[in-house]
Amino acid sequence: MIADNLKLDGKLAIITGAGRGLGRAMAMGLAGAGADLVAAARTVEQLEETAAEVRKLGRKCLVVPTDVARSEDVSAMVAAAVKEFGQVDVLINNAGAGEDSFGKTIDQISDEEWRRGIDINLSSQFFGCRAVIPQMLKQKRGKIINVASGYGLRGGKHNYMYACSKGAVLQLTRSMALTYADFNIQTNCIVPGIFPHNERLMAFFKGGKFIPMGRGGEDADVGPLAIFLSSEASNHINGALIKIDGGGLAGGITPTGVAPQPTT
Amino acid sequence: MALPQGLNDFTLADKAALVIGAEHPAGRIAAVTLAEAGARLMIASQEPATDEQLKETVKLVQATGAKAAPVTQVQNAAIRADVRATLDNAVKRLGGLDVMVTALDAPYYAPAEEGDDAIFDRVMERNVKSVWMACQEGARAMRRRGGSIVVMSSVLAERGVPGASLYCAAKAAVANLVRALALEWARQNIRINLLEAGWMTEEGSPAVANDEFAANLLKYLPYKRLVTPEELAGALLYLASPASGFVTGEAIAIDGGLLCRV
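If you want it as structure tokens, here you go:
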């Protein structure tokens, strides 16, 4: 039965960046499908809000304050999950930042900004993969879901750290997928298109009207994809980049589907 | 039949669904999966004179506990009049159409030198034109309330395979057909996506031949084994159902990671 394969009862998922946005939506999706959670991010107040919502669904949720750009934090996050639950079935490397950095010209970006941009979006996901693999090898099963962006597949004007780090996340996904295919560990990547999380981005992207489906993504759109990739229904899907973008990336060589560019 | 709460986005309860190519293993698993998710079904064939094969699919669907037996239509998916009649009948019998799955496939493996113009026409007709016609007629049937189309295809759309040039070209044509149609129909609330199966356990495929190619292929596959039809079910339901409501023009490969390889 397909329903039995989609259910996540008895599974434990770690989600980084779980305090808001896509991370919270994925947390709610997975909890609804039966998973217990470890919610990680820097801002504890937001994590507690997510945890409260998850517990309302009758699932457990451990809050672990984590700066994903620090490898020792990420290792401690995985250790806390193993200590509390004894297993890690799913890791969703979702935390990231940098949509707000679009628009700075190349000469305006300092060494420190470059490194921070790469660390928060790319090193963080590498740290997550590295930290969780020993436990998943021990279990002989696991699902790693990296979250990239349409800017990982296409360039953008004045878009450096974000596009470079997200593009590298796709390659991290592919190499992990091939390396651990033999060990029943699947690594896949969710590629969100335009999800305008704040008013500034909503204004910049003009409400998403240029997107083929005529709207930007809403956080809840991503929940079912996270469920599917966390479940046994996706066991033969590995190294896949699954776009959720209202059709934007299917086009792009005609004006329909072309994202606005910064005017700097 | 319904899915448990929490998986509501994956449900097709009371949705009208049509599977074309339901005499094949891929079409069969599509029919069974859609029925399990609660859809009311019509199943149509790719080839004429497939009554017995469709009956077998009906049995498999009924074994899921589906409320009603699927409506069946034996047709030739390469003939316009047949496809149009099938879609008209689907709308009439099911009261509209919300989901259409095409499992249309005519493998052709041979060195380029062996193919003549008649073979070219045949491969394109049965791998590309049939999908094109089903999508045209399917979208016409969905125009009023929108819907979701899933085109079942192969990873051959994404890479070259020696000794399969025409077949590769046909599959790539289907892949880009899906992208363009997705853009064209997005504002009409018709989503269309592609499902790309890796090397499968199917009769006639060089992957199951007892020869050097098959032996080497198995070693090359990330999972060291072929894909079974059952393994297509999850992605099929994800793409067919509201779970993928913001996804169109996308391709999901079920290949164990094969497309990641050099």
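Chains as they are written, first to last, in this note's numbering: chain A, 1388 to 1651; chain B, -2 to 259. Even for Gly, the Cβ is constructed at its ideal location relative to N, Cα and C.
Helix, strand or coil: which one does DSSP assign to residue i?
{"i": "G144(B)", "result": "strand"}
{"i": "T1574(A)", "result": "strand"}
{"i": "D1423(A)", "result": "strand"}
{"i": "T1403(A)", "result": "strand"}
{"i": "L57(B)", "result": "helix"}
{"i": "K1447(A)", "result": "coil"}
{"i": "N86(B)", "result": "helix"}
{"i": "E193(B)", "result": "strand"}
{"i": "S150(B)", "result": "strand"}
{"i": "M1464(A)", "result": "helix"}
{"i": "P1521(A)", "result": "helix"}
{"i": "Y1567(A)", "result": "helix"}
Note down, in chain order, every chain E residue with its Cβ under 7 Å from the Cβ of residue i.
{"i": "G253(B)", "result": "Any reference to chain E falls outside this structure, whose protein chains are A and B."}
Return the residue from the list the options that minimises the CA-CA distance to residue i.
{"i": "G1416(A)", "options": "I1496(A), L1393(A) and K1525(A)", "result": "L1393(A)"}
{"i": "I1572(A)", "options": "Y1549(A), R1528(A) and G1603(A)", "result": "R1528(A)"}
{"i": "R184(B)", "options": "D11(B), V244(B) and L234(B)", "result": "V244(B)"}
{"i": "R77(B)", "options": "K89(B), A27(B), V128(B) and L51(B)", "result": "V128(B)"}
{"i": "H21(B)", "options": "M197(B), G246(B) and N213(B)", "result": "M197(B)"}
{"i": "S1536(A)", "options": "V1465(A), V1609(A), N1625(A) and A1422(A)", "result": "V1609(A)"}
{"i": "L223(B)", "options": "I187(B), S202(B), A237(B) and R258(B)", "result": "S202(B)"}
{"i": "P1452(A)", "options": "K1443(A), L1444(A), R1442(A) and A1466(A)", "result": "A1466(A)"}
{"i": "V1534(A)", "options": "T1641(A), G1580(A), C1448(A) and E1440(A)", "result": "G1580(A)"}
{"i": "G1419(A)", "options": "I1640(A), S1618(A), A1627(A) and G1638(A)", "result": "S1618(A)"}
{"i": "A13(B)", "options": "V55(B), L91(B) and T83(B)", "result": "L91(B)"}
{"i": "D1506(A)", "options": "D1494(A), V1455(A), Q1495(A) and A1568(A)", "result": "V1455(A)"}
{"i": "T83(B)", "options": "I249(B), K126(B) and V16(B)", "result": "V16(B)"}
{"i": "N1622(A)", "options": "V55(B), E247(B), C257(B) and Y220(B)", "result": "Y220(B)"}
{"i": "A36(B)", "options": "K216(B), E200(B), A10(B) and K64(B)", "result": "A10(B)"}
{"i": "L174(B)", "options": "K64(B), A154(B) and L163(B)", "result": "A154(B)"}
{"i": "V120(B)", "options": "A136(B), A166(B) and N207(B)", "result": "A166(B)"}
{"i": "G160(B)", "options": "M149(B), A109(B) and A170(B)", "result": "A109(B)"}
{"i": "G1601(A)", "options": "W182(B), A237(B) and C132(B)", "result": "W182(B)"}
{"i": "A1390(A)", "options": "V259(B), S145(B), S151(B) and G231(B)", "result": "G231(B)"}
{"i": "G253(B)", "options": "G1554(A), T1574(A) and A1550(A)", "result": "T1574(A)"}
Give me the Cα-Cα distance between residue i and residue j, rounded to the nearest whole angstrom.
{"i": "D102(B)", "j": "C1576(A)", "result": "28 Å"}
{"i": "D1476(A)", "j": "A1620(A)", "result": "14 Å"}
{"i": "V147(B)", "j": "E44(B)", "result": "19 Å"}
{"i": "G242(B)", "j": "G3(B)", "result": "16 Å"}
{"i": "M1548(A)", "j": "D1606(A)", "result": "23 Å"}
{"i": "L94(B)", "j": "G1634(A)", "result": "22 Å"}
{"i": "A172(B)", "j": "V1431(A)", "result": "45 Å"}
{"i": "A212(B)", "j": "L218(B)", "result": "10 Å"}
{"i": "G1515(A)", "j": "Y106(B)", "result": "43 Å"}
{"i": "D1460(A)", "j": "A1426(A)", "result": "13 Å"}
{"i": "R1407(A)", "j": "E122(B)", "result": "49 Å"}
{"i": "G1397(A)", "j": "S1458(A)", "result": "28 Å"}
{"i": "M1523(A)", "j": "P1642(A)", "result": "45 Å"}
{"i": "L192(B)", "j": "N73(B)", "result": "22 Å"}
{"i": "G112(B)", "j": "S42(B)", "result": "27 Å"}
{"i": "P1583(A)", "j": "Y1538(A)", "result": "14 Å"}
{"i": "T47(B)", "j": "A34(B)", "result": "26 Å"}
{"i": "M130(B)", "j": "M1563(A)", "result": "40 Å"}
{"i": "I40(B)", "j": "A1568(A)", "result": "35 Å"}
{"i": "I1629(A)", "j": "L0(B)", "result": "23 Å"}
{"i": "G1421(A)", "j": "S1462(A)", "result": "25 Å"}
Check the C-beta distance from residue i over to residue j and give it rounded, since I have them as a contact under 8 Å.
{"i": "L1616(A)", "j": "I1520(A)", "result": "That belief does not hold up - the Cβ atoms of L1616(A) and I1520(A) are roughly 17 Å apart, past 8 Å."}
{"i": "N1481(A)", "j": "G1410(A)", "result": "5 Å"}
{"i": "N1508(A)", "j": "V1578(A)", "result": "Wrong, their Cβ atoms sit about 13 Å apart, outside the cutoff."}
{"i": "L51(B)", "j": "V68(B)", "result": "So it is not a contact: roughly 10 Å between Cβ atoms."}
{"i": "T61(B)", "j": "V29(B)", "result": "6 Å"}
{"i": "M1413(A)", "j": "I1402(A)", "result": "6 Å"}
{"i": "A75(B)", "j": "G18(B)", "result": "11 Å between Cβ atoms; not a contact."}
{"i": "A1405(A)", "j": "L1444(A)", "result": "With 8 Å as the limit, A1405(A) and L1444(A) do not qualify as a contact, their Cβ atoms being about 14 Å apart."}
{"i": "E134(B)", "j": "V80(B)", "result": "5 Å"}
{"i": "D6(B)", "j": "A240(B)", "result": "4 Å"}
{"i": "A23(B)", "j": "V58(B)", "result": "Not confirmed; about 15 Å, so no contact."}
{"i": "A179(B)", "j": "G246(B)", "result": "3 Å"}
{"i": "L1612(A)", "j": "L1540(A)", "result": "Contact doesn't hold; Cβ gap of about 17 Å is too wide."}
Which partner residues does residue i have in the DSSP bridge list?
{"i": "Q70(B)", "result": "A41(B)"}
{"i": "R184(B)", "result": "Bridge partners of R184(B): none, in fact."}
{"i": "N1533(A)", "result": "N1480(A) and C1576(A)"}
{"i": "A13(B)", "result": "R37(B)"}
{"i": "T1659(A)", "result": "Outside the shown range of chain A (1388 to 1651) lies residue 1659(A), about which nothing can therefore be said."}
{"i": "L1628(A)", "result": "C1576(A)"}
{"i": "I251(B)", "result": "A194(B)"}
{"i": "V224(B)", "result": "M197(B)"}
{"i": "T99(B)", "result": "I17(B) and V148(B)"}
{"i": "P1452(A)", "result": "A1428(A)"}
Return yes when at least one heavy atom of the ligand MN lies under 7 Å from the C-beta of residue i, else no.
{"i": "G1633(A)", "result": "This structure lacks the ligand MN, and indeed carries no ligand of any kind."}
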